[in-house]
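Colleague: This is the structure I want to talk about, given as structure tokens.
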Amino acid sequence: MADSIPLNPVRMNSKRIPYYNSARFSRFSVEDESSNLDEMPLMMSEEGFENDESDYQTLPRARINQRQRGLGWFLFGGWKVLCGSCCDCLAHVCRRKKELKARTVWLGCPEKCEEKFPKNGIKNQKYNIFTFVPGVLYQQFKFFLNLYFLVVACSQFVPSLKIGYLYTYWAPLGFVLAVTMVREAVDEVRRCQRDKEMNSQLYSKLTVRGKIQVKSSDIQVGDLIIVEKNQRVPADMIFLRTSEKTGACFIRTDQLDGETDWKLKVAVGCTQRLPAVGDLFSIKAYVYAQRPQLDIHSFEGNFTREDADPQIHESLSIENTLWASTVVASGTVIGVVIYTGKETRSVLNTSYAKNKVGLLDLELNRLTKALFLAQVVLSVVMVALQGFVGPWFRNLFRFVVLFSYIIPISLRVNLDMGKSAYGWMIMKDENIPGTVVRTSTIPEELGRLVYLLTDKTGTLTQNEMIFKRLHLGTVSYGTDTMDEIQSHIIQSYAQGTSQPSGGSSGAGGATAMRKTQTSGPKVRKSVSSRIHEAVKAIALCHNVTPVYESHASVNGETESAEADQDFSDDNRTYQASSPDEVALVRWTESVGLTLVNRDLTSLQLKTPSGQILSFYILQIFPFTSESKRMGIIVREESTGDITFYMKGADVAMASIVQYNDWLEEECGNMAREGLRTLVVAKKSLSEEQYQDFENRYNQAKLSIHDRALKVAAVVESLEREMELLCLTGVEDQLQADVRPTLELLRNAGIKIWMLTGDKLETATCIAKSSHLVSRNQDIHVFRPVSNRGEAHLELNAFRRKHDCALVISGDSLEVCLGYYEHEFVELACQCPAVVCCRCSPTQKAQIVRLLQQHTANRTCAIGDGGNDVSMIQAADCGIGIEGKEGKQASLAADFSITQFKHIGRLLMVHGRNSYKRSAALGQFVMHRGMIISTMQAVFSSIFYFASVPLYQGFLMVGYATIYTMFPVFSLVLDQDVKPEMALLYPELYKDLTKGRSLSFKTFLVWVLISIYQGGILMYGALVLFESEFVHVVAISFTALILTELLMVALTVRTWHWLMVGAEFFSLACYLASLAFLSEYFGIGRVSFGAFLDFSYITTWPFLWKVSAITLVSCLPLYIIKYLKRKFSPPSYSKLSS
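Take 19 as the starting number for the sequence shown in my numbering and just add one per residue.
Structure representation (structure tokens):
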């Protein structure tokens, strides 16, 4: 990141190419060219940004893309790009998307809709009956490896190319395809069942003739649907009526935005006021709704009733909507459907699962291409040495088939079985109970991760708030001194009761106090009265509603239910859109002041003595991310006093409250402890002041232009010189062991990004308390930007910061990615930690894809709610946590865990083992194929380049299966580091991300070993057995099997009893087949009928000659390995010693 940037005008004789047409713009350039961002022109006027967004070609990426595309480009991957773009074009033409439009929806009249809207069905299946077989085959044969085997197997149907038996080629290929098809079919059937279950849920639909039951998938735009309590909302609806007297209801949105707190929704006033439900059909009304869009936090529409005189118009906003996939938490609601199926907010925000392919599989695919090239070259050499005589083209193909063992089909079989074994080990690990592997094809990815993108709510935190601190300026109360507050409250209300003022005595005490206070502001209030004021303010200034579970009688009459709604403390639960507010109200209850009832116009508090205080709610100003505060104006019933209470973030409140010298310092102290702070203030209003305010406020609300600005201005006129009451600190409890786990991941070289839908302050607070950002690290909060100019300036400011964490909101991120994608990602990737707040589900997935494109590193996403599904599916490796927010994320993920702390062991231990084992297994299986191909090449070259197989079909199948399969496969039990070591030294993980276990370098070493051993085995057999030529096959094959078994022993790092068993079992199988299947050991078709004499195998010459050949092929490698371990040991062996 460069330092300060001087911006100088370019002289006209400058050689630099002008970025813009000089007639339209003043051109500015930058001297310092060391960084990409400096190449961005900074414009003089805002119009520049608006006018010319299309020809913005100054980014380095734009230049890179314009490089010459020649023949080299075409051969090295260009053909792939062209084919891909052609297919995309075709697909686009075939399924051109219908343009989404705004709509007018008549209540209860779906037939009046002019256009056709999508069906309201949920469909998560990848295939249907017709596309299943072609789809699965395409997914298999798009890999070079499988396509190659298919071509070789098909070639065996041509008589002149036939080398061995058909089963030796088709059986392994058929096995691989059968296993894949069965696995895909099972997954597909499960998906189908889940969809069917959701689509066949029954809902009540209102019609002119009364209620009828309809399936979720049959619901249409314009239908009036009744949704009961705890029932899922089936489609996007406008909320018309509720059984709740208040005209409002709560909904749970955890599957939509990941937040566990309930949201308050308000019914349309006009329809809520109708006497009966049936009257919805007697009125003539319609809803105008904007076109379907992604944003789940906004909605614009109008409700119009035509048959009233004059016409009734009501504006509709987000609080009148019920989005699909939310759940009704209170009462029964009736809504009119406005969007269905693919047009609902939840479906628009869902990305479809892609088939994930591990990096290791891609690397092996590249290596098989290199092997194929070697195989073709070898075949051409053989034909060339023959002198291209006769039908040389046919001979060339025969040689290609002969050497086809260079690329063994058992590679896929072994790796797939290995992956299943790793999955089984992960699920059986007692240290991470409840872990489920849902995608068995990518366990090695866990060992290659560089970026971890995590959700906040429910992943890092439990989303359980606990009130920790109350600060009054001179005195601070913590969890251990709350009983003092309680005694002060009891005492202050008891004083009130002792005054003879009848029923409303508790309020009298409070009033008396306020009178003394206002008459002489110089008089310092007692601690007791200040506590009283603070607690009362916290108990009144909020959006919390107490909910009582009604014990309805058998016949479910509401009267009896009302009577049973006891206001007992055990039966009360609090609901609010923010868990912080619930924590504050719970705390006031614990110190003696309880919120017992609330509706849209009033609320009641209960004092410690059991007395009820009533307050009328005159106005309420909800919290917004811009204002960062919420306020309420209440009138006390007993005294008529009007008070304006306000609470909010310290940044917003500091300028509103009267001058003080402690607020800023104490906020800083609490933030360092990881507490979420709120400043509480109040202002007493006279009747005249309030009336004046109300008139101006109502006028502002009716204005058509700049309504929001005018309303904010009126409210701000009240927010002056408010009396600071207290500062509160609430802790969001972290999940178990989050801090050590994040520390472990950071030490392992994994960069952690937190993507959350929560507020900026909350996200920053959790980033500090979880030590995602270390204590001594600076945090750069990216200021809100709305256009290119602001984004440029802010990016420049950010570039000058060194080693600081970045906090950015979703809106600013959108702007930056629109103009400066490449630069932004480059800067963000240099940060030790990044926090993105107010992120929509699609933005989370977009960030994952950006990291994949720009860094080419492997990403992992972890989350626990429905809003994390897109991110989990987009990442190379998705991990879901089974949390309070339901199982949606864990079902969509590749791996499902029960706690965040389990991710440490999953990556450090299982990720490491899976990757190391697969790399060893893959290379060993290739070695096994290359060694036998080398022997075939030597054999053919000695016998006048004849395209004749050295070993019979059965021996080849036996070699790849029964004789060597078990010891080679036992490599999946190998481990280089004990689990305890891997967790103690997470730095070892950094080596894995470099991919050194499987690279062209290690592969080349194996190729050289194969050539050396194949040559020694074949030449050794021919040199030592000139007299008994018939026995060459038996001797070379025996030495080959022994060499393979010894090589497994050489590769193993930690022995397991199963490995030893596998070695001896394979040896026994081979010796048994030597004895009983001797007819297969004749030399191919050269000396047909010359079979092995069993008595010869037991003679000394046979035994010492086989031992000598094996020794020469293996001993040098053992010596080299010993010397390498001694003089250049790998990092892990230094630790284990």
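For glycine and all other residues, C-beta sits at the position ideal for the given N, C-alpha and C.
#1: Between His1049, Arg1071, Glu1081 and Val1050, which lies nearest to Leu1063 when the distance is taken from Cα to Cα?
#2: At what residues does the beta strand (DSSP E) containing Phe317 begin and finish?
#3: Taking the C-alpha atoms as reference points, what is the distance between Asp725 and His920?
#4: Okay, do the stretch 475 to 485 and the stretch 738 to 755 touch, 3+ Cβ pairs below 8 Å being the bar?
#5: Short of 6 Å in beta carbon distance, which residues of its chain neighbour Ser510, apart from the five on each side in sequence? Order them along the chain.
#6: State the start and end residues of the unbroken beta strand (DSSP E) segment that holds Tyr566.
#7: Just the C-alpha distance for Ser932 and Asp994, rounded to the nearest angstrom, thanks.
#8: Give me the Cα-Cα distance between Lys1152 and Val603, rounded to the nearest whole angstrom.
#9: Using 8 Å as the threshold, is the C-beta distance between Thr782 and Ile797 below it?
#10: If you draw a straight line from the C-alpha of Met948 to the C-alpha of Asn875, how long is it?
#11: Unbroken beta strand (DSSP E) runs of length 3 or more, entirely within the stretch 686 to 721: which are they?
#12: Measuring alpha carbon to alpha carbon, tell me which residue in Tyr1030, Gln504 and Val614 is nearest Leu558.
#13: Pick from Phe193, Ile1115, Thr591 and Met1077: whose alpha carbon is nearest that of Phe1094?
#14: Whole-angstrom Cβ separation of Leu242 and Leu224, contact assumed at under 8 Å?
#15: Is Lys905 helix, strand or coil by DSSP?
#16: DSSP beta-bridge partners for Leu745?
#17: Would you list the residues sitting across from Lys1162 in a DSSP beta bridge?
#18: For Tyr370, count the other beta carbons within 10 Å of its own beta carbon; 16 or more makes it buried, fewer makes it exposed. Which is it?
#19: Can you tell me whether DSSP reads Phe913 as helix, strand or coil?
#20: Buried or exposed for Glu324, going by 16 or more other Cβ atoms inside 10 Å?
#21: Alpha carbon to alpha carbon, what distance is there between Thr916 and Gly929?
#22: For Ser787, count the other beta carbons within 10 Å of its own beta carbon; 16 or more makes it buried, fewer makes it exposed. Which is it?
#23: Could you compute how far the alpha carbon of Tyr185 sits from the alpha carbon of Val194?
#24: So, helix, strand or coil for Lys1142, using DSSP?
#25: Given that a residue counts as buried once 16 or more other Cβ atoms are within 10 Å of its Cβ, and exposed if not, what is Lys1139?
#26: Leaving out five residues on either side along the sequence, give the residues of the same chain with a beta carbon under 6 Å from the beta carbon of Ala594.
#27: What residues in its chain sit with their C-beta under 7 Å from that of Leu1135, if we drop five residues either side in the sequence?
#28: Closer than 7 Å by C-beta to Phe918: which residues in its own chain qualify, once you throw out the five before and the five after it? Chain order, please.
#29: What separation, rounded to the nearest whole angstrom, lies between the Cα atoms of Asn765 and Met926?
#30: Hey, out of Ile352, Leu118 and Leu763, whose CA is closest to Leu467's CA?
#31: Asp829 to Thr362, Cα distance in whole Å?
#32: Which whole runs of the beta strand (DSSP E) in the stretch 196 to 278 are 3 residues long or more, in chain order?
#33: Taking 8 Å as the cut-off, decide whether the C-beta atoms of Tyr495 and Ile507 are in contact.
#34: Quick check: the Cα distance between Lys543 and Tyr708, rounded to an integer number of angstroms?
#35: Looking at the unbroken alpha helix (DSSP H) that takes in Arg16, where does it start and where does it end?
#36: Looking at C-beta atoms only, is the number of pairs between the stretch 417 to 436 and the stretch 446 to 456 that lie closer than 8 Å three or more?
Modeller: Looking at the atomic coordinates:
#1: Indexing the sequence shown from 1 puts residue 1063 at position 1045. Nearest of His1049, Arg1071, Glu1081 and Val1050 to Leu1063, Cα basis: Glu1081.
#2: Counting from 1 along the sequence shown, the entry for residue 317 is found at position 299. Segment: none, Phe317 is in no beta strand (DSSP E) and carries neither H nor E.
#3: Here residue 725 refers to the residue found at position 707 when the sequence shown is read from its first residue. Here residue 920 refers to the residue found at position 902 when the sequence shown is read from its first residue. The question names Asp, yet the displayed sequence has Arg at residue 725. Between Arg725 and His920, the C-alpha separation is close to 50 Å.
#4: yes
#5: Stepping through the sequence shown from its first residue, residue 510 is reached at position 492. Ser546 and His550.
#6: Start at 1 with the first residue of the sequence shown, and residue 566 comes out as number 548. Thr563 to Tyr566 is the extent of the beta strand (DSSP E) around Tyr566.
#7: Taking the first residue of the sequence shown as position 1, residue 932 is located at position 914. Taking the first residue of the sequence shown as position 1, residue 994 is located at position 976. Taking the straight line from one Cα to the other gives about 11 Å.
#8: Taking the first residue of the sequence shown as position 1, residue 1152 is located at position 1134. Taking the first residue of the sequence shown as position 1, residue 603 is located at position 585. Answer to the nearest angstrom: the Cα atoms are 57 Å apart.
#9: The count along the sequence shown starts at 1 and reaches residue 782 at position 764. The count along the sequence shown starts at 1 and reaches residue 797 at position 779. It is a contact, given that the beta carbons lie within the stated cut-off.
#10: Along the sequence shown, one-based indexing puts residue 948 at 930. Along the sequence shown, one-based indexing puts residue 875 at 857. Rounded to whole angstroms, Met948 to Asn875 spans 31 Å at the Cα level.
#11: 694 to 703
#12: Working through the sequence shown from its first residue, we reach residue 558 at position 540. The candidate whose alpha carbon is nearest that of Leu558 is Val614.
#13: Sequence index remark: in the sequence shown, residue 1094 carries index 1076 (1-based). Considering only alpha carbons, the answer is Ile1115.
#14: Taking the first residue of the sequence shown as position 1, residue 242 is located at position 224. Taking the first residue of the sequence shown as position 1, residue 224 is located at position 206. That belief holds up - the Cβ atoms of Leu242 and Leu224 are roughly 4 Å apart, short of 8 Å.
#15: Locating residue 905 in the sequence shown gives position 887, counting from the first residue. In the three-state reduction of the DSSP assignment, Lys905 falls in the coil class, being assigned neither a helical nor a strand state.
#16: Along the sequence shown, one-based indexing puts residue 745 at 727. His489 and Val697.
#17: The structure shown has nothing for residue 1162, since the chain only spans 19 to 1155.
#18: Residue numbering aside, residue 370 sits at position 352 when the sequence shown is read from its first letter. With fewer than 16 other Cβ atoms within 10 Å, it is exposed.
#19: Here residue 913 is taken as the residue at index 895 of the sequence shown, counted from 1. Residue state, collapsed to three classes: strand.
#20: Counting from one through the sequence shown, the residue named residue 324 turns up at place 306. Counting Cβ neighbours within 10 Å, Glu324 comes out exposed, since fewer than 16 surround it.
#21: As a working note, residue 929 is residue 911 in the sequence shown. As a working note, residue 916 is residue 898 in the sequence shown. Near 18 Å, if we compare the C-alpha coordinates of Thr916 and Gly929.
#22: Counting from one through the sequence shown, the residue named residue 787 turns up at place 769. Per the 10 Å Cβ criterion, buried.
#23: Along the sequence shown, read from residue 1 onward, the residue named residue 185 stands at position 167. Along the sequence shown, read from residue 1 onward, the residue named residue 194 stands at position 176. Going by the C-alpha atoms only, they are around 14 Å apart.
#24: Within the sequence shown, the letter at position 1124 stands for residue 1142. Lys1142 falls in the helix class under three-state DSSP.
#25: Locating residue 1139 in the sequence shown gives position 1121, where the first residue counts as 1. Counting Cβ neighbours within 10 Å, Lys1139 comes out exposed, since fewer than 16 surround it.
#26: Position 576 of the sequence shown holds residue 594. Excluding residues within five positions, the ones whose Cβ falls inside 6 Å are Asn561, Val562 and Val600.
#27: Position 1117 of the sequence shown holds residue 1135. Around Leu1135: Ile1027 and Leu1068.
#28: One-based indexing of the sequence shown puts residue 918 at position 900. Correct list, in chain order: Thr477, Leu478, Gln753, Val756, Thr759 and Ile899.
#29: In the sequence shown, counting from the first residue as 1, residue 765 sits at position 747. In the sequence shown, counting from the first residue as 1, residue 926 sits at position 908. Going from the Cα of Asn765 to the Cα of Met926 covers about 11 Å.
#30: The sequence position of residue 467 within the sequence shown is 449, counting from 1. Checking every option, the nearest Cα to that of Leu467 belongs to Leu763.
#31: Counted from its first residue, the sequence shown places residue 829 at position 811. Counted from its first residue, the sequence shown places residue 362 at position 344. So the two alpha carbons sit approximately 22 Å from each other.
#32: Complete beta strand (DSSP E) runs here, min 3: 220 to 225, 228 to 233, 242 to 245, 254 to 260 and 266 to 270.
#33: Residue numbering aside, residue 495 sits at position 477 when the sequence shown is read from its first letter. Residue numbering aside, residue 507 sits at position 489 when the sequence shown is read from its first letter. The answer is no: Cβ separation not under 8 Å.
#34: As a working mapping, residue 543 is identified with position 525 in the sequence shown. As a working mapping, residue 708 is identified with position 690 in the sequence shown. If you take the alpha carbons of Lys543 and Tyr708, they lie about 26 Å apart.
#35: It is not possible to answer for residue 16, since the shown part of the chain is limited to 19 through 1155.
#36: no
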